[in-house]
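**Q** Quick one: the structure is below, and I'll ask about it shortly.
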Ligand code: FES
Ligand SMILES: [Fe+2]
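Protein chains in written order, with this note's numbering: chain A, 1 to 451; chain B, 452 to 632.
This is how it looks when you write it as structure tokens:
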């Protein structure tokens, strides 16, 4: 399939094949999910040595561990002997992963256990293998690039890949706004216990393009807006200041949010239904004004990091790790964040609000899931597939954003962010080298920051 | 002898009335008579459906997310349940428009506790359920699990003051949860 013809950036049209085609899906697994930075979990899932959770990277199951020495590892979850799924638990703490099939044992850093007397390692190593097995060479496959970014764990299979920092560029400001403490402290959020995991019969890209900056679909949430679940008593969240959409066209990321600013505008009252919570947000706002001084910052509501991590930064405050299962099947994982040292009453109010909003039972997200599912469904037919989707809103109207290298402001209602995402999709799918993939972004990062 | 027979009869009648209540309740849900269903809930109801995990045998105490601490599929009271009903009735809640067809099968009903409280007599009832959902043309979800209910007798009528829903699935196979359990 000719990738170039599927995504027409000049016309703003994108082929339906992207959302239903099996062959393209396989290529996505190779070209995108085997090379891009993927979010695999949160540090709070693996607090102690030997803690682990089983996560996913594209089509593969991986084990995210904190090894005995405290280092974070991402290990391919398949026994190197003859393929058994090594760990079939969702999470836990263990000294070793012992394969149920023939008993090979691996420590939480992926090595075949070989400390004598500690654990068996390879059963029959002496008698059956006659010590002719290179245990060092048969440890678990270890993901070469793993990073803890303000609490979120990211992994990348490609040894040639650029650093995560370079991969997100100045989009980091939007991600930071979600992960930092509301008083401005770096990475000051914690994850509430429990991961919502569920399957949706839709293509994974519907999730990414939804959160990258699709204000236009607001109308699909009219029912929840009418009913009102917002913590101020109206709509589905407290009103925010003016918003726009910002895309990073050379990287494929985007967000709905504010342009960078240096001075906080006046405090906008929130959480009116919960006076103690409102008092908390007022106090951290005041602390932020002090802590950040006139440092540049952004404020935002939602965003997507290419390819499949999406986040809400304010109300609710949540991260979606989106795992493609097949062209028309996706597993979504949702975790939820709160300020780490906020009072229990603040955490509780947020937790309840998050559940009313997000996840399969959320009054907001349940309607998104309907749309993503039936858009996928209605794109399957052989005739339907001939007709491209329309992403023409705001074509040719983007403006550079002073102070953010590589950023384009597309306006509140625009499909510019989605176009940036599919531009990146095309570049990855064309199997470009990292030099080619990063060339445009590297050029913008050389510019000095003004504004 | 007569005393024993009488006690047994009392239990039988209690069991029968609890079961009849649960069956009537399920019928209201399947007929989408949600307003009447809401009337069966006490104003202080807790409606909680924890997440579930696959864990090693010696770590099973963490199988469910904790009430009051962790995330869940649902953790709410009557006000939000009433909003869910209201949302369905807007006619533009696309997840339930067109409406789902549901069958709530309630079975294995067991009374596991009984207490007299200031608010009235309360019984703890365990049951198993199947929630079958059919939607549009071929969309189907089957969710099974256990409900741990607390029923309160108010003026001789049962009302639900607590519903704990423990579904079998750890990874939910339904795209959304827009029906009541
Ligand atoms: S497959 Fe794991 S020990 Fe044989
Ligand atoms: Fe939405």
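By construction, the Cβ of each residue, glycine as well, lies at the ideal position given by its N, Cα and C atoms. None of the values given here were measured: they were computed from a predicted structure.
What do you reckon, is the C-beta of residue 225 of chain A under 7 angstroms from a heavy atom of ligand 2?
**A** By one-based count along the first chain, residue 225 of chain A stands at place 225. It does not: the Cβ of residue 225 of chain A is nowhere closer than 7 angstroms to a heavy atom of ligand 2.
**Q** In angstroms, rounded to a whole number, what distance separates the CA positions of residue 635 of chain B and residue 38 of chain A?
**A** Given that chain B is displayed from residue 452 to residue 632, the structure contains no residue 635 of chain B and the question cannot be resolved.
**Q** Give the residues of chain B in contact with residue 339 of chain A, contact being defined as C-beta atoms less than 8 angstroms apart.
**A** As a position in the first chain, residue 339 of chain A is number 339, starting the count at 1. Under the 8 angstroms cutoff, chain B gives no residues; its nearest Cβ is about 16 angstroms from residue 339 of chain A.
**Q** So residue 9 of chain A packs on residue 18 of chain A, CB below 8 angstroms; how close in whole Å?
**A** Numbered from its first residue, the first chain carries residue 9 of chain A at position 9. Numbered from its first residue, the first chain carries residue 18 of chain A at position 18. That pair is no contact at about 13 angstroms.
**Q** Quick one: does the C-beta of residue 101 of chain A sit closer than 7 angstroms to a heavy atom of ligand 1?
**A** For this step, residue 101 of chain A is matched to residue 101 along the first chain. For ligand 1, at least one heavy atom lies less than 7 angstroms from the Cβ of residue 101 of chain A.
**Q** Between the C-alpha atoms of residue 360 of chain A and residue 195 of chain A, what's the straight-line distance to the nearest angstrom?
**A** By one-based count along the first chain, residue 360 of chain A stands at place 360. By one-based count along the first chain, residue 195 of chain A stands at place 195. If you take the alpha carbons of residue 360 of chain A and residue 195 of chain A, they lie about 12 angstroms apart.
**Q** Consult DSSP for residue 122 of chain A and reduce its assignment to one of helix, strand or coil.
**A** To locate residue 122 of chain A, count along the first chain from 1; it is residue 122. Three-state DSSP puts residue 122 of chain A in coil, outside helix and strand.
**Q** Got a sec, what are the start and stop residues for the alpha helix (DSSP H) residue 19 of chain A sits in?
**A** Along the first chain, read from residue 1 onward, the residue named residue 19 of chain A stands at position 19. Looking at the DSSP string, the run of the alpha helix (DSSP H) that includes residue 19 of chain A is 17-20.
**Q** Can you give the Cα-Cα distance for residue 575 of chain B and residue 599 of chain B, rounded to whole angstroms?
**A** Against the second chain, residue 575 of chain B aligns to sequence position 124. Against the second chain, residue 599 of chain B aligns to sequence position 148. So the alpha carbons of these two residues sit roughly 7 angstroms apart.
**Q** Which same chain residues end up closer than 7 angstroms to residue 487 of chain B when comparing Cβ atoms and leaving out the 5 residues on each side of it in sequence?
**A** Locating residue 487 of chain B in the second chain gives position 36, counting from the first residue. Hits under 7 angstroms: 479.
**Q** Hey, could you find the ends of the alpha helix (DSSP H) residue 454 of chain A is sitting in?
**A** Outside the shown range of chain A, which is 1 to 451, sits residue 454 of chain A, and nothing can be said about it.
**Q** Which partner residues does residue 197 of chain A have in the DSSP bridge list?
**A** One-based indexing of the first chain puts residue 197 of chain A at position 197. Partner(s): A:333.
**Q** In whole angstroms, what is the alpha-carbon distance linking residue 503 of chain B and residue 42 of chain A?
**A** Within the second chain, residue 503 of chain B is the residue found at index 52, counting from 1. Within the first chain, residue 42 of chain A is the residue found at index 42, counting from 1. Cα-Cα distance, rounded: 18 angstroms.
**Q** Residues in the stretch 79-100 of chain A with C-beta within 9 angstroms of chain B's C-beta atoms, listed in sequence order?
**A** Per Cβ criterion, the list reads 88, 89, 90, 91, 92, 93, 94.
**Q** Mind checking if residue 532 of chain B is an interface residue toward chain A, Cβ cutoff 8 angstroms exclusive?
**A** Counting from one through the second chain, the residue named residue 532 of chain B turns up at place 81. So, not an interface residue.
**Q** Label residue 549 of chain B either buried or exposed according to how many other C-beta atoms from any shown protein chain fall within 10 Å of its C-beta, with 16 as the threshold for buried.
**A** Sequence index remark: in the second chain, residue 549 of chain B carries index 98 (1-based). Per the 10 Å Cβ criterion, exposed.
**Q** Pop quiz: residue 158 of chain A and residue 27 of chain A are said to be a contact at Cβ under 8 angstroms. What is the actual Cβ separation, rounded to whole angstroms?
**A** Start at 1 with the first residue of the first chain, and residue 158 of chain A comes out as number 158. Start at 1 with the first residue of the first chain, and residue 27 of chain A comes out as number 27. Contact doesn't hold; Cβ gap of about 15 angstroms is too wide.
**Q** Tell me the residue span of the alpha helix (DSSP H) that contains residue 474 of chain B.
**A** Working through the second chain from its first residue, we reach residue 474 of chain B at position 23. Segment 453-481, the alpha helix (DSSP H) holding residue 474 of chain B.
**Q** Can we count residue 83 of chain A as close to ligand 1, meaning its CB is less than 7 angstroms from some heavy atom?
**A** Taking the first residue of the first chain as position 1, residue 83 of chain A is located at position 83. Checking every heavy atom of ligand 1 against the Cβ of residue 83 of chain A, one is found closer than 7 angstroms.
**Q** Under 8 angstroms by Cβ, that's how I've got residue 255 of chain A and residue 300 of chain A pegged, so tell me the actual separation to the nearest angstrom.
**A** Position 255 of the first chain holds residue 255 of chain A. Position 300 of the first chain holds residue 300 of chain A. Rounded, the Cβ-Cβ distance is 5 angstroms, consistent with contact.
**Q** Relative to ligand 1, is the shortest distance from any of its heavy atoms to the C-beta of residue 79 of chain A smaller than 7 angstroms?
**A** As a working note, residue 79 of chain A is residue 79 in the first chain. Yes; taking the cut-off as 7 angstroms, the Cβ of residue 79 of chain A has a heavy atom of ligand 1 nearer than that.
**Q** Less than 8 angstroms between CB atoms is the rule here; does residue 201 of chain A satisfy it with respect to chain B?
**A** Residue 201 of chain A sits at position 201 when you count from the first residue of the first chain. Closer than 8 angstroms to some Cβ of chain B, the Cβ of residue 201 of chain A qualifies, so yes.
**Q** What residues from chain A crowd round residue 538 of chain B, counting only those whose CB sits closer than 7 angstroms?
**A** As a working note, residue 538 of chain B is residue 87 in the second chain. In chain order: 223, 224, 227, 363.
**Q** Please confirm whether residue 591 of chain B has its beta-carbon closer than 8 angstroms to some beta-carbon of chain A.
**A** Taking the first residue of the second chain as 1, we reach residue 591 of chain B at position 140. Output row for residue 591 of chain B: interface = no.
**Q** I'd like the span of the beta strand (DSSP E) that includes residue 537 of chain B, first residue to last.
**A** Position 86 of the second chain, counted from the first residue, corresponds to residue 537 of chain B. Here residue 537 of chain B belongs to no beta strand (DSSP E); instead the alpha helix (DSSP H) covers 529-540.
**Q** Interface residues of chain B around residue 371 of chain A at Cβ under 7 angstroms?
**A** To locate residue 371 of chain A, count along the first chain from 1; it is residue 371. 545, listed in chain order.
**Q** If the cut is a Cβ gap below 7 angstroms, which residues of chain B does residue 192 of chain A touch?
**A** By one-based count along the first chain, residue 192 of chain A stands at place 192. Result: 521, 522.
**Q** Roughly how many angstroms separate the alpha carbons of residue 68 of chain A and residue 50 of chain A, rounded to a whole number?
**A** Stepping through the first chain from its first residue, residue 68 of chain A is reached at position 68. Stepping through the first chain from its first residue, residue 50 of chain A is reached at position 50. Roughly 6 angstroms between the two C-alpha positions.
**Q** Touching or not, the stretch 396-411 of chain A and the stretch 235-242 of chain A, by the rule of three or more beta carbon pairs under 8 angstroms?
**A** Too few Cβ pairs lie closer than 8 angstroms, so no.
**Q** With 16 other CB atoms within 10 Å as the buried threshold, where does residue 542 of chain B fall?
**A** Your numbering for residue 542 of chain B matches position 91 in the second chain. So residue 542 of chain B counts as exposed.
**Q** Does the distance between the C-beta of residue 104 of chain A and the nearest non-hydrogen atom of ligand 1 fall short of 7 angstroms?
**A** Residue numbering aside, residue 104 of chain A sits at position 104 when the first chain is read from its first letter. Answer for residue 104 of chain A: yes, Cβ within range of ligand 1.
**Q** Between residue 210 of chain A and ligand 2, is the CB less than 7 angstroms from at least one heavy atom?
**A** Counting from one through the first chain, the residue named residue 210 of chain A turns up at place 210. Yes - ligand 2 has a heavy atom lying nearer than 7 angstroms to the Cβ of residue 210 of chain A.
**Q** Out of A:372, A:343, A:421, which one is the CA nearest neighbour of residue 305 of chain A?
**A** If you number the first chain from 1, residue 305 of chain A lands on position 305. Comparing Cα positions, the closest option is A:421.
**Q** Could you please give the first and the last residue of the uninterrupted beta strand (DSSP E) stretch that includes residue 104 of chain A?
**A** Here residue 104 of chain A refers to the residue found at position 104 when the first chain is read from its first residue. It is not in any beta strand (DSSP E) - residue 104 of chain A carries neither H nor E in the DSSP assignment.
**Q** Should residue 276 of chain A and residue 345 of chain A be called a contact, given that it needs their Cβ atoms to be closer than 8 angstroms?
**A** The residue labelled residue 276 of chain A in the question sits at position 276 within the first chain. The residue labelled residue 345 of chain A in the question sits at position 345 within the first chain. Contact: yes.
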